[in-house]
Amino acid sequence: MTSTGPLAPRLPSPLQEARDLRFERHGLRLLLKRDDLIHPHLVGNKWRKLVPNIAAAGGRPLVTFGGAYSNHLRATAAAGRLLGLPTTGVVRGQELACRPLNPSLARCAADGMRLHFVDRATYRRKAEPETLAGILCAAGAEGAYVVPEGGSNAEAVRGCRALGAELRGHAEVVAVACGTGGTLAGLAAGLGTDGRALGIPVLKGGFLEADIQALQERAFGARTGVWSLDDRFHFGGYARTNPELEAFARDFEERHGLPVERLYVAKLLYGLVTLAEEGAFTRGSTIAAVVTGRPFPEPPAAGPER
């Protein structure tokens, strides 16, 4: 499944230098790890996380979870279409069931994903066995293989370890935007002691460090690699942007010819530029930014996170 057929990837993904004065004036070199080019439909870290879970599913239907603009839901729906597997997406927000589908959910439906909307209180309790069983029953997905929100579990973390292995020896710091933390957990393990992994959370709350450590413990038995988080660049939370971030992303696109996905990649790159200006990186270092996605019609800037 990983080398031939509809999920055949482009691996290792390209590693490209980005000449940028905002880094060069501090004696830094910026590389872009183009995981967005791995697969045309399972973009970036979604391929690395989903393929191990699809293998573990053994041909069973897939059920997974996400918000209204979830990249993970879209990737799961695309994988189901390509492989002929039924998929169900449990979507946070019962109120969305009565509204027209946004472009992201419409893409999921077009790829054959059955959408099941649940209220936010129930969604927060989805990890509880009784609540999960009730959701699966209501969604008609009792026999399906459950992929967690964001695709982050032990299988996914072990799949993302290859990302770190591909970057060994190329950079002192490898940075990635974090949603559920599975990519950083695997990346750090793959890097080992050959570099430091830096996570830029795109959600607010300060809960990711414990989640990432727990993922590594389940996947590898212990906390692994050298990694840290900087949670200053979430711009209000998941799916939140503002005019400053939008202007930054457009400017980066013009400088480097890279289409910048707004909800993850823009926040990562903004954080790295800020850290470079703050002197957070040792002069002479190479910084690699993992490009985990590409633009899709995104939500407008929103108010306070609910």
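What the sequence shown shows, in my numbering, is residues 4 to 309, in sequence order.
Backbone N, C-alpha and C define an ideal beta-carbon position, used for all residues, glycine too.
Going by DSSP in three states, residue i sits in which element: helix, strand or coil?
i: Arg13; result: coil
i: Ala71; result: coil
i: Pro262; result: coil
i: Arg84; result: helix
i: Gly184; result: coil
i: Tyr273; result: helix
i: Val205; result: coil
i: Ala283; result: coil
i: Val268; result: helix
i: Arg95; result: strand
i: Leu24; result: helix
i: Ala174; result: coil
i: Thr289; result: strand
i: Phe251; result: helix
i: Pro302; result: Residue placement at Pro302 is poorly supported in this model, since its pLDDT is 46, which falls under 50; the coordinates still yield a value, given next. Residue state, collapsed to three classes: coil.
i: Thr5; result: Interpretation of Thr5 is limited by its pLDDT of 45, a score under 50 that renders its predicted location unreliable; the figure taken from the coordinates is listed afterwards. It is coil, neither helix nor strand.
i: Ala191; result: helix
i: Pro43; result: coil
i: Arg243; result: coil
i: Thr79; result: helix
i: Gly153; result: helix
Give the DSSP bridge partners of residue i, in chain order.
i: Trp230; result: Ala200
i: Thr90; result: Leu65
i: Tyr148; result: Leu65
i: Val179; result: Gly202
Which stretch, first to last residue, makes up the beta strand (DSSP E) that contains residue i?
i: Lys36; result: 32 to 36
i: Leu18; result: 18 to 21
Counting along the chain, where does the alpha helix (DSSP H) carrying residue i start and finish?
i: Leu135; result: 132 to 142
i: Glu158; result: 157 to 170
i: Phe223; result: 211 to 223
i: Arg51; result: 48 to 60
If you measure from the beta carbon of residue i to each beta carbon in chain E, is any gap under 8 angstroms?
i: Leu65; result: Within the model displayed, chain E is absent; a lone protein chain is all it includes.
Report the residue from the options whose alpha carbon sits nearest the alpha carbon of residue i.
i: Pro15; options: Arg117, Gln97, Cys163; result: Cys163
i: His29; options: Thr285, Ala269, Arg51, Leu135; result: Thr285
i: Leu271; options: Asp214, Ala200, Ala109, Gln219; result: Ala200
i: Arg128; options: Asn56, Glu152, Arg117, Ala144; result: Glu152
i: Ala269; options: Leu53, Pro246, Gly115; result: Pro246
i: Val294; options: Ser231, Glu280, Ala250, Val46; result: Val46
i: Pro9; options: Ala213, Pro55, Leu85; result: Leu85
i: Cys181; options: Pro12, Ala292, Ser107, Ala11; result: Ala292
i: Leu187; options: Gln216, Leu206, Asp197; result: Gln216
i: Lys36; options: His173, Gly83, Phe299, Thr277; result: His173
i: Gly184; options: Ala109, Val66, Leu206; result: Leu206
i: Ala124; options: Leu275, Pro103, Arg226, Arg95; result: Arg95
i: Ala11; options: Arg51, Pro132, Gly193; result: Arg51
i: Asn56; options: Asp38, Asp234, Pro43, Ala78; result: Ala78
i: Gly274; options: Glu264, Trp230, Ile203, Arg265; result: Ile203
i: Gly312; options: Gly61, His237, Ser288, Leu278; result: Residue 312 is absent from the model: the chain starts at 4 and stops at 309.
i: Trp230; options: Leu108, Val93, Ala142, Gly189; result: Gly189
i: Glu212; options: Gly198, Asp197, Ala191, Thr196; result: Ala191
i: Val276; options: Arg235, Leu76, Arg243, His44; result: Arg235
i: Cys111; options: Gly69, Arg297, Pro262; result: Gly69
i: Ala59; options: Gly198, Gly154, Ala178; result: Gly154
i: Pro103; options: Ala71, Pro89, His259; result: Ala71
i: Phe26; options: Thr90, Ala279, Val177, Val149; result: Ala279
**Message:** List, from N- to C-terminal side, the alpha helix (DSSP H) runs of 4 residues or more that fit wholly inside the stretch 100 to 127.
**Reply:** Runs of the alpha helix (DSSP H) inside the stretch 100 to 127: 106 to 113, 123 to 127.
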